[in-house]
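Asker:
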Amino acid sequence: MENSIYLDEARDPLIIAEGWMKDGKDVAIATVVETWGSAPRPVGSHLVIDADGNFHGSVSGGCVEGAVVTEAIDVIDTGKARMLEFGVADETAWQVGLSCGGRIKVYVERLG
1 MENSIYLDEA
11 RDPLIIAEGW
21 MKDGKDVAIA
31 TVVETWGSAP
41 RPVGSHLVID
51 ADGNFHGSVS
61 GGCVEGAVVT
71 EAIDVIDTGK
81 ARMLEFGVAD
91 ETAWQVGLSC
101 GGRIKVYVER
111 LG
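Using UniProt numbering, the first residue of the sequence shown is number 1, and each one after it goes up by one.
Printed below as a string of structure tokens:
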């Protein structure tokens with residue numbers, strides 16, 4: 001039980017990203033940097049994405065992750081990091097399904 005909060009190597013997004021990079025893939029990482037109110041994932045949660053749209057990990061769940069994956073592919077293409085914000089106050093939040101009443105900020109950057 002005491003180790004249940006830790007990820008093993010097969011599930012750790014950072015180790016997955018390292019393996020993808022060793023395989024020659026272009027990779028971005030999305031990290032939850034701030035949360036307010038009810039948020040599905042805590043600060044520090046990661047989602048890694050390759051240029052083909054494959055991903056591993058979680059920053060929110062649902063349609064928010066689809067939006068993050070789309071943005072991450074653009075970050076891989078341009079090399080320009082970006083800060084994303086999702087919340088119920090934003091019209092786009094409902095479009096991507098963050099209806100839990102909270103807000104999250106996700107920083108997306110290219111690795112390598």
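Cβ coordinates follow ideal geometry from the N, Cα and C atoms, glycine included.
Go ahead and pull the three-state DSSP assignment for Gly57.
Answerer: Here residue 57 is taken as the residue at index 57 of the sequence shown, counted from 1. Three-state result, Gly57: strand.
Asker: Would you call Ala81 buried or exposed, if buried means 16 or more other Cβ atoms sit within 10 Å of its Cβ?
Answerer: The residue labelled residue 81 in the question sits at position 81 within the sequence shown. If you draw a 10 Å sphere on the C-beta of Ala81, you find fewer than 16 other C-beta atoms in it, and that means exposed.
Asker: Within 7 Å (strictly less), CB to CB, does Lys22 reach chain B?
Answerer: In the displayed structure, chain B is absent; only one protein chain is listed.
Asker: Under 7 Å Cβ to Cβ from Glu71, same chain only, skipping five residues before and after it: list those, please.
Answerer: For the purposes of this step, residue 71 is taken as the residue at position 71 of the sequence shown. Answer for Glu71: Arg82, Leu84, Val108, listed in chain order.
Asker: Taking the alpha helix (DSSP H) that Asp77 falls in, what are its first and last residues?
Answerer: Residue 77 sits at position 77 when you count from the first residue of the sequence shown. Taken as a continuous stretch (DSSP letters only), the alpha helix (DSSP H) holding Asp77 covers 62-78.
Asker: Which value, in whole angstroms, describes the spacing of the CA atoms of Asp50 and Ile104?
Answerer: Looking up residue 50 in the sequence shown gives position 50. Looking up residue 104 in the sequence shown gives position 104. Straight-line Cα distance between these residues: approximately 22 Å.
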